[in-house]
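Protein chains: 2
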Amino acid sequence: MKPKATLKKISDKLQISISTVSRALKNHPDISEHTKQKVKELAELMDYEPNNYAISLRTNNSKVFCIMVPQISNLFYHSFISAVEEEARLYGFSLMILQSGGDPAIEIANLKICRQNRVAGIFVAIGTATKDIQPFLKMDDLDVPVIFFDKVPSFQACNKVCIADEKAGTIAADVLLRNNKKNILGIFGDPEMSITKKRLDAFSQKIAEKGKSIQLKTKHALTAEAARKIVHKCLTPLQKIDAIFCMSDEILTGVMKAVQELKLKVPESIGIIAHSNGFIPNLYSPEISYVETSGHKLGKLAYNRMSACLSGSTFIQELTVESVYIEGGSL
Amino acid sequence: MKPKATLKKISDKLQISISTVSRALKNHPDISEHTKQKVKELAELMDYEPNNYAISLRTNNSKVFCIMVPQISNLFYHSFISAVEEEARLYGFSLMILQSGGDPAIEIANLKICRQNRVAGIFVAIGTATKDIQPFLKMDDLDVPVIFFDKVPSFQACNKVCIADEKAGTIAADVLLRNNKKNILGIFGDPEMSITKKRLDAFSQKIAEKGKSIQLKTKHALTAEAARKIVHKCLTPLQKIDAIFCMSDEILTGVMKAVQELKLKVPESIGIIAHSNGFIPNLYSPEISYVETSGHKLGKLAYNRMSACLSGSTFIQELTVESVYIEGGSL
DNA sequence: AACATTTTCGCAAACGTTTGCGGCAAAGTA
DNA sequence: TACTTTGCCGCAAACGTTTGCGAAAATGTT
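Line by line, the protein sequences give chains A and B. The opening residue of the first sequence carries number 11 in the working numbering; numbering runs sequentially from there. The opening residue of the second sequence carries number 11 in the working numbering; numbering runs sequentially from there.
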């Protein structure tokens with residue numbers, strides 16, 4: 011890009027020094043109001059745009075964050091990204107969004123891109139295959155805060171923001187119980203992810219509290235297609251499943267596909283509840299009841315945490331956002 | 011970010027000059043193989059990462075593209091973005107994705123962000139409210155190529171890549187005719203957008219070729235909700251609509267919602283066909299037949315065009331990608 | 001041996017901006 | 001009047017990298 015106006019050009023025209031131009035544009039107290047006004051007017055007239063590369067090189071400080079996700083097509087990430095973008099825009103930051111495809115090798119390559127671009131901080135949802143987060147923790151040594159969100163490392167001490175998984179699990183189970191469901195199929199995500207473990211444990215525990223009168227069968231699905239197959243396999247005349255819990259939007263799409271294929275009536279023949287951001291549940295009639303796991307609040311929280319880290323906060327925090335139940339017509 | 015290794019540190023350790031280190035890492039022919047090897051080994055040992063800010067400042071050349079879209083939740087953009095990201099990654103470019111919310115004022119602010127970050131080029135899907143594209147064309151004066159895609163300016167001479175709208179419209183109409191649909195409701199997008207005009211004209215013309223035996227009613231919907239209401243209004247016992255064409259995924263979601271609410275059987279009572287990237291049609295059973303308007307090929311094409319512009323090509327091109335019909339079970 | 005060419009480096013300037021420090025003039029204080 | 005403080009600027013260096021040009025040594029040619 012060929013910039014048209016620089017500090018030097020302004021200083022030449024006004025017969026003042028470059029440093030004065032710089033200070034005037036920054037409202038530095040050492041510069042007189044008269045000089046400030048002249049500088050600002052001319053800068054505006056000349057469409058002066060600061061060169062962020064020069065600024066970042068000089069200040070060793072960039073105004074770019076990276077958001078790294080497995081895939082941008084995951085609906086949960088939309089609201090997260092938009093929330094972070096809103097906040098970032100307020101403070102003059104830009105976002106670089108990098109996809110990893112859930113591949114650890116690409117995550118490493120993405121970290122390299124982050125280092126080369128000297129990003130100020132990284133928000134990352136790791137892939138399910140990511141076991142070693144040392145490369146991420148090393149970014150902290152370079153003073154680049156890393157905030158994990160959604161799929162976060164289970165045991166390592168690191169900055170994390172996530173949905174309150176236990177609560178989300180408990181709410182869903184609670185709703186099913188309140189709707190007198192007796193034979194429940196719970197389809198959860200990747201069993202190795204902490205979000206899955208937490209939600210499953212809370213869900214099962216809540217169901218178990220009701221005693222032997224409630225049957226719960228739990229399965230795991232990593233894709234919509236896997237979830238679809240589980241439904242075909244479990245919903246046989248011998249097994250009177252009366253409700254299905256879907257731990258994610260993706261699982262919900264697979265379940266709903268199977269329900270339609272089996273021509274089951276919702277909620278008459280089968281009840282459905284999901285963890286969702288709301289987009290998919292609203293595609294169906296009656297609308298699917300869901301426990302909202304919106305990324306929006308999470309994005310705001312993650313941004314706050316990032317700001318704290320950039321301001322010098324060095325301690326590790328794991329923050330959570332509560333879920334809320336949104337009633338549709340599927341139970 | 012606090013970099014650990016710099017050219018200077020390497021040059022200090024090897025007792026050679028900074029410029030030699032730089033040239034060695036770039037395989038400059040003036041540097042001996044012996045020196046190159048020593049430099050590269052030490053650079054790797056020290057985890058040297060070039061500082062892109064310094065490079066961009068010195069070379070007046072950045073390796074960042076901007077993709078500007080109204081909203082990342084639009085499914086069409088996922089494949090477009092992923093395609094551009096794949097190509098960009100191959101050539102060492104990063105992507106900055108900015109949302110405009112379809113607001114022209116935010117588009118202007120985003121262009122400012124692009125200038126401040128000295129982006130190498132911009133891929134932009136403008137919002138429906140954007141009338142004045144002069145601010146975009148001005149980026150060309152700054153040697154920042156702008157490639158319009160999806161929602162593109164109608165009349166201005168500018169670089170555009172889009173789906174072959176006429177062909178997409180014709181294919182959909184052709185499919186409906188081949189399935190002997192006699193009473194068709196066509197729901198199109200914003201009537202002011204060129205993609206809408208082109209698809210509607212081609213669609214209508216194809217239907218009209220069949221003579222008076224085919225009834226076509228066309229409507230416009232800017233949201234899924236508007237599409238839903240149109241279906242409720244048009245599908246009365248007096249109006250024997252036997253097929254609905256949906257010009258986008260968003261319109262399709264509204265139409266399918268209404269179809270479910272009205273408890274219509276697809277395809278027995280009503281046929282459905284849409285322009286789509288495939289995600290939404292696959293959520294239903296039977297799957298919705300669609301004319302694929304995938305952003306993936308478009309992304310590759312857009313990237314090619316961008317490369318040509320960066321290599322010095324100054325003439326204006328409007329490039330198109332053909333659509334393909336994907337049969338589901340909805341007709 | 002003298003001159004020309006090639007190889008392989010180093011110096012220094014450039015990019016655009018920020019910022020510490022000092023200089024000078026004006027105003028304030030004893 | 002002499003000294004101190006304040007206001008308002010400019011100089012110069014810094015950031016990390018690239019690159020033009022020149023210098024010195026080695027090699028080649030007459």
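No residue lacks a Cβ here, since even glycine has one placed at the ideal position from N, Cα and C. Computed from a predicted model, the values in this text were never measured in an experiment.
Partners in chain A for residue i, counting only beta-carbon separations shorter than 9 Å
i: Ile298 of chain B; result: Near Ile298 of chain B there are no residues of chain A at all, since even the closest Cβ is about 12 Å away, more than 9 Å.
i: Pro145 of chain B; result: Within chain A, no residue comes near Pro145 of chain B; the closest Cβ sits about 11 Å away, beyond 9 Å.
i: Glu271 of chain B; result: Ser295, Pro296
Cβ-based neighbour list, residue i, same chain, cut-off 6 Å, excluding 5 preceding and 5 following
i: Ala167 of chain B; result: Ile326
i: Phe146 of chain B; result: Val156
i: Thr45 of chain A; result: Ala34
i: Gly102 of chain A; result: Lys73
i: Ala135 of chain B; result: Val79, Phe159, Asp160, Lys161
i: Lys227 of chain A; result: Leu195
Where residue i meets chain B, residues with beta-carbon distance less than 7 Å
i: Lys243 of chain A; result: Near Lys243 of chain A there are no residues of chain B at all, since even the closest Cβ is about 17 Å away, more than 7 Å.
Simplified DSSP state of residue i, which is helix, strand or coil
i: Tyr294 of chain B; result: coil
i: Asn70 of chain B; result: coil
i: Asn61 of chain A; result: coil
i: Ile326 of chain A; result: coil
i: Tyr335 of chain A; result: strand
i: Ile205 of chain A; result: helix
i: Tyr101 of chain B; result: coil
i: Glu54 of chain A; result: helix
i: Met316 of chain A; result: helix
i: Phe213 of chain B; result: helix
i: Ser258 of chain A; result: coil
i: Val109 of chain B; result: Position check: residue 109 of chain B holds Gln in this sequence, whereas Val was assumed. Correct three-state label for Gln109 of chain B: strand.
i: Ile194 of chain A; result: strand
i: Phe159 of chain A; result: strand
i: Gly281 of chain B; result: strand
i: Lys220 of chain B; result: coil
i: Ile82 of chain B; result: coil
i: Val154 of chain B; result: coil
i: Lys239 of chain A; result: helix
i: Ser286 of chain A; result: strand
i: Asn120 of chain B; result: helix
i: Gly199 of chain A; result: coil
i: Ile77 of chain B; result: strand
Residue-level contact to chain B via CB, residue i, 8 Å cutoff
i: Met266 of chain A; result: yes
i: Ser125 of chain A; result: At residue 125 of chain A the sequence reads Arg, which differs from the Ser that was named. With 8 Å as the cut-off, Arg125 of chain A counts as an interface residue toward chain B.
i: Leu186 of chain A; result: no
i: Leu105 of chain A; result: yes
Cutoff 7 Å; reference residue i; Cβ partners in own chain excluding five residues on either side
i: Asn189 of chain B; result: Gly281, Leu341
i: Asp374 of chain B; result: This structure leaves residue 374 of chain B out entirely; chain B is present only between 11 and 341.
i: Ile118 of chain B; result: Pro145
i: Glu332 of chain A; result: Ala174, Lys177
is_contact[residue i, chain A] using C-beta, thresh 8 Å
i: Arg315 of chain B; result: no
i: Gln215 of chain B; result: no
Chain B residues whose Cβ lies nearer than 9 Å to that of residue i
i: His88 of chain A; result: Gln81, Ile82, Ser83
i: Ile91 of chain A; result: Ile82, Ile107, Gln109
Under 7 Å from the C-beta of residue i: neighbouring residues of chain A
i: Glu95 of chain B; result: Gln109
Proximal residues to residue i (C-beta, below 8 Å), its chain only, five neighbours per side dropped
i: Asn287 of chain B; result: Leu85, Phe86, His88, Ser89, Asp259, Glu302, Thr303, Ser304, Gly305
i: Leu186 of chain B; result: Ile194, Ile217, Ala253, Phe255, Gly281, Ile283, Leu341
i: Glu219 of chain A; result: none
For this session: Could you list the residues in the segment 275-298 of chain A with a C-beta less than 9 Å from some C-beta on chain B, going in chain order?
Result: Interface annotation for the segment 275-298 of chain A against chain B: Phe289, Ile290, Asn292, Leu293, Tyr294, Ser295, Pro296, Glu297, criterion Cβ-Cβ distance under 9 Å.
For this session: With 7 Å as the limit, tell me which residues of the segment 45-67 of chain A have their beta carbon closer than that to any beta carbon of chain B; keep them in chain order.
Result: Flagged, chain order: Glu59, Pro60, Asn61, Asn62, Tyr63, Ala64, Ser66, Leu67.
For this session: Mind checking the segment 231-263 of chain A against chain B and listing, in chain order, the residues whose C-beta falls within less than 7 Å of any C-beta there?
Result: Here the close residues are Thr263.
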